[in-house]
Amino acid sequence: MALPARRAAAGCGLPIRVVSRRLVRASDPSIRPHVLAVSHLDLYANTEQCALTCVYPKPPTGAGDFDAVVAAFEAHMPAYLNYFFPMAGRIVVDPSSGIPELHCYNQGAELIVAHAGVELSALDWSLSGESLKRIHVPYAQDMVLSVQLLSFTCGGFAVVWAANNLVGDGNVGVMLVRMWTELVRTGTISGGGPNHDRSVLRQFSRPRDPPTYGASVAAMYTRWEHEQEVNALTAEESFIERLYYVDERDIARLRGEASAEGRQRATRVQAVSAYLWKVLAGIVATSKLLGEDEKRCRLLWWVDGRRRFSSPELRSSLRNYAGNVTSYVVAAAAAATVLSKPLAGVAAMVREAVTLTPADYDELYQQMVDWMEVHKPTNFVETPAIGLGSPTLAQTMWSSFPNDTDFGFGEAALAMPVHQNLGRLCMGLICITPKPADPGTWIVSAFIWPRLAAVLESDEQRIFKPLTAEFLGLTRGHGLRPRL
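In our numbering, the protein residues as written are 2 to 485.
What follows is the structure in C-alpha cells.
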C-alpha cells in the first residue's frame, strides 16, 4: 500500500526530497497473525527509535546505480519480511497493563526512497550532527521497521535501517543488515534466520516467585523522569558529538602496551578501554571542584548476554535470537589509582570488571527479570546516565558483531548506529564499530565532554583521529569494488 510522498523531510537539516513512501508486507500467506509479548529484558530498552545507517560510495561501473538499489529492495523485501515478520507489525501499548507489545498482523514495514541534494563529501564526517544524524527521514513512533534509501548527487547512497529498541539490541541491528545481504546474494537465510520466540530464554523468560534481587541490581536502573534529569541547558553545554577513526596499527600498539609480560594478553577492547580510562582520570584529577577523595571516575560496558550464560544449549539457541539480551557492568576507581598504574595495570582492572563467570551472568539476568517484574510498567535508564556522582564513560562495542554490508553494490564505507536524541542524559558514550572494508580499523561515535574531546584530539599518540570523507573513500575517484 503506498503512502503519500512528502516534498521534504522535516528536521533532517538536508535538502531531502522524499520520492516514495510505502508499506511492504511479508509475502508468505501461511504466517499467522499474532501478538508477540515482549520479554522483561526487552522492557529495559524502552520504546526509543534508533537506526543502523550504512553509507555507500558510488558503486563502480557495472554494479548498478541507485535505481538498481531500489529495485533490489522492492524485489527482495517481501521475502525478507517472511523471516522478520514482527518487523512488519506495530508497537501497541496494552491499555490494561501499560506494557507495549508487538501486533504482528503484517501491517507492513516502511520503505522510503529519497534524494539528498548534496554530495557525501560535502558533509562534515567529524561531526555526527553534520553527517550521520542528517541522513534520515522521521517516521511514526509505532512503526517497527522503516528502511530508508537515500541517494546523493555524487552517486553514493545510504541505507538507513531504522527500528525500535524494544524489538532488539545492537546484535539484532547488525543481524538485519547481515541477513539482508545473505538473502539478496543467495536467495535464502542460513540457519533458519532469526528467532523471535521470547520463550527461548527459558529460565529468564519469567520472574521467580517471589521476585528476588540484590542491592547491586536495584541500583543499576533509575526511573526515567524529567524531574530526575539534569536541566536542558546544562546538558546541552556539557557534551559534544564527534566521529573518529582508530587505525588497526594504533590498536595493536595499545594492545602491546596493555599486555604485561607474564600476564594474559589484553584484548583490543581492554587495551582501548584502559587508554580511555587513563585519559578520563587525567581530566578528573585536574578538576577544581572536587576534593582529592572525590576525584573518582567510572567506566561502563554494555554486555551481550548471548555468549555468556552457563548453559551451552541456551548459548546456542540465542545465536540468532532477535530480542534484547543486554546488561551492563561498571567499574569505579580513584583517578589517582588509574593514573598511577601502567596501561597494563589498568587493562587488568578492565578485564576484572567485565569478566564475570557464567554463573554470575545467569544470576545477574535472573535478578534483572525479577526487578523488572516489580517495577514495570515505566521507562528506565542506566543509573550512571543520570549524571550524578562520579563521571561515567560508557562503551558499546559493535565491533564484536559479525556484519556484511555488501548486497551487490560494494561494502559500505561505514555502518554506524545512530540515536537521534540522547535527551538530557549526562554520561559520556563511546560506540565502536568496525570499518566494513577493513574490520581491523574502528570507527567511533562519541558523545563526550568537550574537555575529553580536546585531550583525545591533542594527544601526541593521535589514537582518535577525526573522521573524514577522504578516509571513508567518499570523495570523487574513490569507491569500493563489490564482491563477486
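No residue lacks a Cβ here, since even glycine has one placed at the ideal position from N, Cα and C.
Exercise for the section: Taking 8 angstroms as the cut-off, decide whether the C-beta atoms of Leu103 and Leu37 are in contact. Expected result: In the sequence shown, counting from the first residue as 1, residue 103 sits at position 102. In the sequence shown, counting from the first residue as 1, residue 37 sits at position 36. Yes, they are a contact pair.
Problem - Delimiting residues of the alpha helix (DSSP H) encompassing His137 - result: Sequence index remark: in the sequence shown, residue 137 carries index 136 (1-based). Per DSSP, His137 belongs to no alpha helix (DSSP H) and is neither H nor E.
Exercise for the section: Taking only the alpha-carbon atoms, compute the straight-line gap between Arg135 and Phe67 and give it to the nearest angstrom. Expected result: Taking the first residue of the sequence shown as position 1, residue 135 is located at position 134. Taking the first residue of the sequence shown as position 1, residue 67 is located at position 66. Taking the straight line from one Cα to the other gives about 19 angstroms.
Exercise for the section: Go ahead and pull the three-state DSSP assignment for Asp210. Expected result: On the sequence shown, position 209 is the one that residue 210 refers to. DSSP places Asp210 in coil when its eight states are reduced to three.
Exercise for the section: Output the boundary residues of the beta strand (DSSP E) element that contains Thr1. Expected result: Lying before the first or after the last residue shown, residue 1 is absent from the chain, which here runs from 2 to 485.
Exercise for the section: Spatial neighbours of Gln368 within its chain, please: CB distance less than 8 angstroms, with the 5 preceding and 5 following residues excluded, ordered by chain position. Expected result: Residue numbering aside, residue 368 sits at position 367 when the sequence shown is read from its first letter. Correct list, in chain order: Thr213, Tyr214, Gly215, Val218.
Practice task
Give the straight-line distance between the Cα atoms of Gly324 and Cys105, rounded to the nearest whole angstrom.
Solution key: To locate residue 324, count along the sequence shown from 1; it is residue 323. To locate residue 105, count along the sequence shown from 1; it is residue 104. One C-alpha to the other measures close to 15 angstroms.
Handout entry: Cβ-Cβ distance between Ile17 and Leu128 below 8 angstroms
Key = Looking up residue 17 in the sequence shown gives position 16. Looking up residue 128 in the sequence shown gives position 127. No, the pair does not count as a contact, with Cβ atoms beyond the cut-off.
Exercise for the section: Can you grab the Cα-Cα spacing for the pair Ser260 / Thr442, in whole Å? Expected result: Taking the sequence shown and counting its residues from 1, the one referred to as residue 260 is at position 259. Taking the sequence shown and counting its residues from 1, the one referred to as residue 442 is at position 441. Their Cα atoms are separated by approximately 20 angstroms.
Handout entry: beta strand (DSSP E) runs contained entirely in the segment 379–455, provided each spans 3 or more residues
Key = Look at the segment 379–455 and you find these whole runs of beta strand (DSSP E), each 3 residues long or longer: 381–383, 393–398, 415–419, 429–436, 439–449.
Handout entry: Neighbour-count burial assignment, Leu290, 16 or more Cβ in a 10 Å radius
Key = On the sequence shown, position 289 is the one that residue 290 refers to. Leu290 should be labelled exposed.
Handout entry: Distance between Gly109 and Pro30 (C-alpha atoms, nearest Å)
Key = Taking the sequence shown and counting its residues from 1, the one referred to as residue 30 is at position 29. Taking the sequence shown and counting its residues from 1, the one referred to as residue 109 is at position 108. Approximately 13 angstroms, taken between the alpha carbons.
Problem - Neighbourhood of Val185 by C-beta distance below 7 angstroms, restricted to the same chain and skipping five residues each side - result: Position 184 of the sequence shown, counting from 1, holds the residue named residue 185. Within the same chain, Val185 has close Cβ partners Ala73, His77, Phe408, Gly409.
Exercise for the section: Keeping to the same chain, check which residues put their C-beta closer than 7 angstroms to that of Met2; ignore five residues upstream and five downstream. Expected result: To locate residue 2, count along the sequence shown from 1; it is residue 1. Legend: pLDDT at Met2 = 39, less than 50; position of this residue unreliable, value from coordinates given subsequently. Excluding residues within five positions, the ones whose Cβ falls inside 7 angstroms are Arg23, Leu24, Gly109.
Practice task
Counting only the same chain and skipping the five closest in sequence on each side, list residues whose C-beta sits under 6 angstroms from that of Val114.
Solution key: The count along the sequence shown starts at 1 and reaches residue 114 at position 113. These residues qualify, in order along the chain: Val20, Ser21, Val71, Leu150.
Problem - Three-way DSSP call (helix, strand, coil) for Asp305 in this model - result: Indexing the sequence shown from 1 puts residue 305 at position 304. Asp305: strand per DSSP, three-state reduction.
Exercise for the section: Would you kindly work out how many angstroms separate the C-alpha atoms of Glu228 and Cys155, rounded to a whole number? Expected result: Here residue 228 refers to the residue found at position 227 when the sequence shown is read from its first residue. Here residue 155 refers to the residue found at position 154 when the sequence shown is read from its first residue. Whole-angstrom Cα-Cα distance: 46 angstroms.
Handout entry: Alpha-carbon to alpha-carbon, Glu258 and Arg309
Key = The residue given as residue 309 occupies position 308 in the sequence shown. The residue given as residue 258 occupies position 257 in the sequence shown. Roughly 27 angstroms separates the two Cα atoms.
Handout entry: Three-state secondary structure assigned by DSSP to Arg299
Key = Your numbering for residue 299 matches position 298 in the sequence shown. If DSSP states are grouped into helix, strand and coil, Arg299 belongs with the strands.
Problem - Nearest candidate by alpha-carbon position, reference Ala282, set Ala333, Arg256, Asn232, Tyr140 - result: As a working note, residue 282 is residue 281 in the sequence shown. Of the listed residues, the one whose Cα sits closest to Ala282 is Ala333.
Practice task
Please say whether Trp126 and Leu468 have beta carbons closer to each other than 8 angstroms?
Solution key: As a first step, residue 468 must be located in the sequence shown, where it is residue number 467. As a first step, residue 126 must be located in the sequence shown, where it is residue number 125. For Leu468 and Trp126, yes; Cβs fall inside 8 angstroms.
Practice task
Spell out the partners DSSP gives His77 in its beta bridges.
Solution key: Position 76 of the sequence shown holds residue 77. None, per the DSSP bridge assignment.
Problem - Alpha-carbon to alpha-carbon, Ala27 and Ala89 - result: Start at 1 with the first residue of the sequence shown, and residue 89 comes out as number 88. Start at 1 with the first residue of the sequence shown, and residue 27 comes out as number 26. Near 7 angstroms, if we compare the C-alpha coordinates of Ala27 and Ala89.
Handout entry: Residues that DSSP places opposite Thr476 in a beta bridge
Key = Indexing the sequence shown from 1 puts residue 476 at position 475. DSSP output for Thr476 lists no bridge partner at all.
Handout entry: Tyr276 vs Trp302 beta-carbon contact at 8 angstroms
Key = By one-based count along the sequence shown, residue 276 stands at place 275. By one-based count along the sequence shown, residue 302 stands at place 301. Cβ atoms of Tyr276 and Trp302: not closer than 8 angstroms.
Exercise for the section: Indicate whether Ser200 and Thr476 have their beta-carbon atoms separated by less than 8 angstroms. Expected result: The residue labelled residue 200 in the question sits at position 199 within the sequence shown. The residue labelled residue 476 in the question sits at position 475 within the sequence shown. No, these two residues do not count as a Cβ contact at 8 angstroms.
Problem - Chain-order list of residues whose beta-carbon lies under 7 angstroms from that of Asp43 (same chain, five-residue window excluded) - result: Stepping through the sequence shown from its first residue, residue 43 is reached at position 42. Same-chain partners within the cutoff: Leu167, Gly324, Asn325.
Problem - Nearest to Arg452 (by Cα), restricted to the options Glu75, Glu242, Thr358, Gln271 - result: Numbered from 1 along the sequence shown, position 451 holds the residue referred to as residue 452. Ranking Glu75, Glu242, Thr358, Gln271 by Cα distance to Arg452 puts Glu242 first.
Exercise for the section: Given a cut-off of 8 angstroms, decide if Asn165 and Thr48 are closer than it, judged by their beta-carbon atoms. Expected result: In the sequence shown, residue 48 corresponds to position 47, counting from 1. In the sequence shown, residue 165 corresponds to position 164, counting from 1. Yes; because the gap between Cβ atoms is below 8 angstroms, this pair is in contact.
Problem - 3 or more residues per run - each beta strand (DSSP E) lying fully within the segment 333–386 - result: If only uninterrupted beta strand (DSSP E) runs of at least 3 residues are considered, those enclosed by the segment 333–386 are 381–383.
Handout entry: Length of the line joining the Cα atoms of Gly188 and Ala272
Key = Counted from its first residue, the sequence shown places residue 188 at position 187. Counted from its first residue, the sequence shown places residue 272 at position 271. The straight-line gap from Cα to Cα measures roughly 40 angstroms.
Handout entry: Distance between Leu146 and Gly486 (C-alpha atoms, nearest Å)
Key = Residue 486 is absent from the model: the chain starts at 2 and stops at 485.
Practice task
Measure the alpha-carbon distance for Gly1 versus Arg209 and round it to whole angstroms.
Solution key: This structure cannot settle anything about residue 1, because the visible part of the chain is limited to 2 through 485.
Exercise for the section: Note down, in chain order, each residue of its chain lying with its Cβ closer than 7 angstroms to the Cβ of Arg256, except the 5 sequence neighbours on either side. Expected result: Walking along the sequence shown from the start, residue 256 turns up at place 255. So the list reads Ala267, Arg269, Ala272, once near-sequence residues are dropped.
Problem - Cβ-based neighbour list, Ala454, same chain, cut-off 8 angstroms, excluding 5 preceding and 5 following - result: Sequence index remark: in the sequence shown, residue 454 carries index 453 (1-based). Closer than 8 angstroms at Cβ, skipping near neighbours: Ile241, Arg243, Ala447.
Practice task
Express the C-alpha separation of Val445 and Ser400 in angstroms, rounding to a whole number.
Solution key: For the purposes of this step, residue 400 is taken as residue 399 along the sequence shown, with counting starting at 1. For the purposes of this step, residue 445 is taken as residue 444 along the sequence shown, with counting starting at 1. Straight-line Cα distance between these residues: approximately 10 angstroms.
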